[in-house]
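Residue numbers (my numbering): 1233 to 1540.
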């Protein structure tokens, strides 16, 4: 593909995977690609490698050559951008694009969900976080870079189930079909579960969330208590934005559908389906169509190197 017009790259760099989409100057999607995790928790170099791999996959699908990257303006939503030193390190990265702007992945998801307008999202996935926009000002609650501590997250749901399963194995607590199945994943050996937990990541804990939700839906009392607790935490985040005067709310993330069913009927009635995904938000950043990003642009720009 030979192009003379501007190109726009949107990146959703998350803790589980990185997704990329390339559009032309008229908004037509040219190609998409994905790669492994892109989060500063794994190191800036690893995050940048994942970003470039996803971009390369999208460019290959679009038939875009490396020399055309010089025409590409990139908006990158990156998990863990708020970690100490992350933005300074990103400024030192050499890149082949016309311009690059970094913002947090929660903000890109919010921008995409509401088309850059005022609104808020609560992410219910491996981690949980609330991000909102009101009058061009960002509001953020939760999501401190350690998802196991994020109440309402898939990681927290899995962690709570593991803890209760170990209590049941020691006869220190009641058991249930959920806990029996969970312990079965460790051959009903509590020591095996403890050894696993010493190396487990937030993603590992979150892998048990679908099991918990399945049993909760089937009426398992322990599963119900875990999921009700998670739904209360997600509901609390939604309530925070309502108190700030934000009426347009969306629930996003891999657990958003199952968790929504456990919210109060009032909160469910206030939810609005998102207009677009986090990549759509990143593309708004790349096109410089959102004021909240413009205000931070000078801090988030990274080094430019000549195309080779």
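C-beta: ideal position from N, C-alpha, C; glycine also. As the structure is a computational prediction, the values presented were derived from the model and not from experiment.
Query, Result
"Is the segment 1483 to 1496 in contact with the segment 1351 to 1366, if contact means three or more CB pairs nearer than 8 Å?", "yes"
"Bridge partners for residue 1256 per DSSP, in chain order?", "1239"
"From this set, 1330, 1336, 1319, which residue's C-alpha is nearest residue 1243's C-alpha?", "1336"
"With H, G and I counted as helix, E and B as strand and the rest as coil, what does DSSP make of residue 1300?", "helix"
"Quick one: using the 10 Å Cβ neighbour count with 16 as the cut-off for buried, is residue 1437 buried or exposed?", "buried"
"Any chance the segment 1337 to 1344 sits against the segment 1272 to 1281, with 3 or more Cβ pairs inside 8 Å?", "no"
"Tell me which residues share the same chain as residue 1286 and place their Cβ nearer than 7 Å to its Cβ, disregarding the 5 neighbours each side in the sequence.", "1243, 1250, 1251, 1252, 1265, 1266, 1267"
"Could you work out which residue in 1348, 1432, 1459, 1453 is closest to residue 1442 when comparing CA atoms only?", "1459"
"Is residue 1441 helix, strand or coil by DSSP?", "helix"
"So, for residue 1407: in the same chain, excluding its five sequence neighbours on each side, which residues have a beta-carbon less than 6 Å away from its beta-carbon?", "1400"
"Can you tell which of 1322, 1413, 1364, 1296 has its C-alpha closest to the C-alpha of residue 1348?", "1364"
"According to DSSP, is residue 1407 part of a helix, a strand, or is it coil?", "coil"
"Can you name, in chain order, every residue of its own chain whose Cβ lies under 8 Å from the Cβ of residue 1498, other than the five neighbours on each side?", "none"
"Comparing C-alpha positions only, which one of 1316, 1334, 1311, 1325 sits nearest to residue 1357?", "1311"
"Quick one, which of 1445, 1391, 1467, 1415 has its alpha-carbon nearest residue 1481's?", "1467"
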